[in-house]
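Going by the UniProt record's numbering, the residue at position 62 of the sequence shown is 62; the numbering climbs one at a time, nothing skipped. For reference, the structure discussed in these notes is given below.
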Amino acid sequence: MRVALAQAVQAGERGEVPVGAVVLSPAGEILAEAGNARESTHDPTAHAEILAIRAAARADWRLTGCTLVVTLEPCTMCAGAAVQARLARVIYAAPDEKSGAAGSLWDVLRDRRLNHRPEVLMGVLADESTALLRTFFAARRP
């Protein structure tokens with residue numbers, strides 16, 4: 001999670017919402033890491049999770065056994081990508097009450113109707129991630 005938080009800090013410094021993600025191999029090695037890039041790329045799908053999954057999938061598009069670590073609860077798009085990539089687990093820091101799809105608003109990752117359901121672990125370094133997000137938005141809102 002510390003690597004994902006470092007990516008989030010870098011994203012925030014670039015004017016992006018400070019969210020970072022890392023994909024780990026089944027052995028725990030970092031396969032890819034990314035921060036949000038929506039603003040800089042003008043791409044609404046350039047969430048940290050999507051960018052990290054895309055980078056990791058270049059070696060093998062089925063990320064069976066891999067773990068996605070992210071600083072903010074995935075949205076529906078990112079949760080769907082985690083399912084489609086066959087990730088074994090998703091670990092996230094802060095909940096997202098407005099658009100979280102791993103238990104807060106929806107629970108895409110554990111939906112029994114889907115053929116693949118990653119394990120979900122939440123709250124890892126949540127205070128640090130939440131503080132980063134609050135600081136970022138406080139500086140932009142009057």
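All C-beta atoms in this analysis are idealised placements derived from N, C-alpha and C, irrespective of residue type, glycine included.
Contact between A8 and G35 holds, since their C-beta atoms are separated by about 6 Å, short of 8 Å. By the 16-neighbour rule on beta-carbons within 10 angstroms, L51 is buried.
The three-state reading of DSSP puts E128 in helix, counting H, G and I together. Leaving aside the five residues that flank E39 on each side, the residues in its chain whose CB is nearer than 6 Å to its CB run, in chain order, G15 and E16. For the pair G65 and C78, the Cα-to-Cα distance works out to about 17 Å. Taking a 10 Å sphere around the C-beta of P142, we find fewer than 16 other C-beta atoms and assign the residue as exposed. Residue pairing from DSSP leaves I50 without any beta-bridge partner. Secondary structure at A102: strand, using DSSP grouped into helix, strand and coil.
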